[in-house]
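Visitor: Starting off with a structure, shown below.
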Amino acid sequence: MAGPVKEVAAPTAVKTTALNCISLSDPDINKSVSLLKQACLDSGFFYVVDHGISQEFMDEVFFQSKKFFDLPLPEKMKLLRNEKHRGYTPPLDELLDPENQVHGDYKEGYYIGVEVPEDDPQAEKPFFGPNQWPSKHILPGWRRVMEQYHQEALRVSRSIAKIIALALDLDADFFDKPEMLGDPIATLRLLHYERDKASNPVKGIYGCGAHSDYGLITLLATDDVVGLQICKDKDARPQIWEYVAPLKGGFIVNLGDMLERWSNGVFRSTLHRVIVDGQERYSMAYFVEPSHECLVKCLPSCTSETNPPKYPPVTCAAYLRQRYKDTHLDLTSYHENQTREEKVIILSLPSYFLSIPIEANNELNCYRHN
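Dropping the structure here:
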């Protein structure tokens, strides 16, 4: 049984949406299916409570996340994300909405995937391989906490996937097949929005730009700082954005693009973004994707003669590779320049660059680059 649930009030300048709340301990599965289906047809977002992860442990994961982001930038840059998307992502690394953003997101993150030893043949696959871990001398116990959370979040995800399957008129174990979540690409991403980095949509500055998630579902745990906004109708002009209030003791769950493709657009992968007002904010997103070879194609229960498949079939790995390539800075943009005085890591961007002196100055400074 999860800890007590407390909904945190959101700002009133923008409407706060009401989301259905699904309890994983409710014995009435039909009720859960009905609530979830309604949410999937409406906004693609819902709350999940009674998930079996204690509040004490959730607090510990947030505490350990904060300890990492409190490290000096040079220490974090030693763990810069690799080609398998494991490790640290500095501010401005990710650009999710290039049409409306002047530069990348004002957030830093840390990717942790399924741990696969380097000598395992599976490690040759994209998104698989050994994780990057902070030194145990710097953050003792950090790896243990994150690996346990990764396992717990996957367990919760499988429980939610059963309800989704029933809502799509499938067998409850449909997503538990080996080619689905039997060998998943499941990624935890710790996120930190720095203090005094306020969003300004008019100027194209966002904590996190508008996007939809790529996979099956995402489990989001947040602190009590409001920032997440959703847009239920991405084609509306102007777009109408609504806040989602944090839920102490619960997850905010949203559907991803692959589920929208599976359901032929019946279930929605909704645009969302983060608008921050200068308050420091922490969150943890757990992205649940099926196995590499899983073919994402329209489900028989979601198509008919009058409603043919809207999307071509695609493998999970191919879809993810393209989406990550489209939104993350190319790793070759990170250059190292050794001088006599200091080591400098330079991050090249279309209109900005970051100069990060390793020894002389631990601050991350942005300079206009023409």
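The UniProt record's numbering puts the sequence shown at residues 1 to 370.
Where is the CB? At the ideal position from N, CA and C, for every residue including glycine.
Source: prediction; values computed, not measured.
Does residue 341 come out as helix, strand or coil in the three-state DSSP assignment?
Guide: With a pLDDT of only 39 at residue 341, under the threshold of 50, the placement of this residue in the model should not be trusted; the figure read from the coordinates follows. Coil, per DSSP.
Visitor: So, helix, strand or coil for residue 240, using DSSP?
Guide: Secondary structure of residue 240 (DSSP, three-state): coil.
Visitor: Would residue 264 be called buried (16 or more neighbouring beta carbons within 10 Å of its own) or exposed?
Guide: The C-beta of residue 264 has 16 or more other C-beta atoms within 10 Å across all chains shown, which makes the residue buried.
Visitor: Just how far apart, CA to CA, sit residue 73 and residue 108?
Guide: Their Cα atoms are separated by approximately 11 Å.
Visitor: Could you say which of 296, 330, 307 and 326 lies nearest to residue 315 if we only look at CA atoms?
Guide: 296
Visitor: State the Cα-Cα distance for the pair residue 80 and residue 183, rounded to the nearest angstrom.
Guide: If I take the Cα positions, the gap works out to 26 Å.
Visitor: List the endpoints of the continuous beta strand (DSSP E) containing residue 389.
Guide: The structure shown does not extend to residue 389, since the chain spans only 1 to 370, so no value can be given for it.
Visitor: Kindly list the residues whose CB is nearer than 6 Å to the CB of residue 133, restricted to its own chain and excluding five residues on each side of it in sequence; keep chain order.
Guide: Here the set comprises 143.
Visitor: With which residues is residue 272 paired in a DSSP beta bridge?
Guide: 211 and 230
Visitor: Quick one, are the C-beta atoms of residue 270 and residue 44 less than 8 Å apart?
Guide: Cβ distance < 8 Å, so residue 270 and residue 44 count as in contact.
Visitor: Quick check: the Cα distance between residue 285 and residue 41, rounded to an integer number of angstroms?
Guide: 22 Å
Visitor: Mind reading off the beta-carbon distance from residue 317 to residue 126? Whole number of angstroms is fine, and I expect it under 8 Å.
Guide: 6 Å
Visitor: Would DSSP call residue 194 helix, strand or coil?
Guide: Reduced to three states, the DSSP call for residue 194 is coil.
Visitor: Could you tell me the alpha carbon to alpha carbon distance between residue 89 and residue 206, rounded to whole angstroms?
Guide: Distance between the alpha carbons of residue 89 and residue 206 is about 16 Å.
Visitor: Reducing DSSP to helix, strand and coil, say where residue 251 ends up.
Guide: Residue state, collapsed to three classes: strand.
Visitor: Quick check: what's the CA-CA separation for residue 326 versus residue 99?
Guide: Looking at the two C-alpha atoms, the distance is approximately 13 Å.
Visitor: Please state whether DSSP places residue 319 in a helix, a strand or coil.
Guide: helix
Visitor: Grouping DSSP H, G and I as helix and E and B as strand, with all else coil, what is residue 71?
Guide: coil
Visitor: Under three-state DSSP, which class holds residue 30?
Guide: The answer is helix: DSSP assigns residue 30 an H, G or I state.
Visitor: Does DSSP put residue 81 in a helix, a strand or coil?
Guide: coil
Visitor: Using alpha carbons as the reference points, say which of 153, 210, 213 and 123 lies closest to residue 292.
Guide: 123
Visitor: Give me the Cβ distance between residue 157 and residue 33, rounded to the nearest whole Å; I'm assuming they're in contact under 8 Å.
Guide: In fact, because the Cβ distance is near 17 Å, the residues do not count as touching under 8 Å.
Visitor: Beta-carbon separation of residue 274 and residue 246 under 8 Å?
Guide: In terms of Cβ geometry, residue 274 and residue 246 do not form a close pair [threshold 8 Å].
Visitor: Check whether the region 166-184 and the region 295-314 are in contact - that is, three or more C-beta pairs closer than 8 Å.
Guide: yes
Visitor: Rounded C-beta distance between residue 290 and residue 216? I'm assuming under 8 Å.
Guide: 6 Å
Visitor: Taking only three categories from DSSP, how would you classify residue 21?
Guide: strand
Visitor: What does the Cβ neighbour count give for residue 140, buried or exposed, with the cut at 16 atoms within 10 Å?
Guide: exposed
Visitor: Which two residues bound the contiguous alpha helix (DSSP H) that contains residue 112?
Guide: Run containing residue 112: none in the alpha helix (DSSP H); it sits in the beta strand (DSSP E), 108-112.
Visitor: Look at the Cβ atom of residue 17, then the Cβ atom of residue 230, and state whether they are nearer than 8 Å.
Guide: Taking 8 Å as the Cβ cut-off, residue 17 and residue 230 qualify as a contacting pair.
Visitor: Let me confirm a value: residue 65 is counted as buried when at least 16 other C-beta atoms fall within 10 Å, else exposed. Which label applies?
Guide: buried
Visitor: Whole angstroms is fine: what's the gap from residue 39's alpha carbon to residue 259's?
Guide: 14 Å
Visitor: What are the partner residues of residue 384, as DSSP defines its beta bridges?
Guide: A question about residue 384 goes unanswered here, because the residues of the chain that appear run from 1 up to 370.
Visitor: Would residue 235 and residue 281 qualify as a contact pair, given that the criterion is a beta-carbon distance under 8 Å?
Guide: No, the Cβ-Cβ distance between residue 235 and residue 281 is not below 8 Å.
Visitor: How would you write the range of the beta strand (DSSP E) that residue 156 sits in, first residue to last?
Guide: Going by DSSP, residue 156 is part of no beta strand (DSSP E) but of the alpha helix (DSSP H) stretching over 142-167.
Visitor: Could you check what DSSP says for residue 333 in three-state terms: helix, strand or coil?
Guide: Correct three-state label for residue 333: helix.
Visitor: Note the first and the last residue of the continuous alpha helix (DSSP H) segment covering residue 260.
Guide: 257-262
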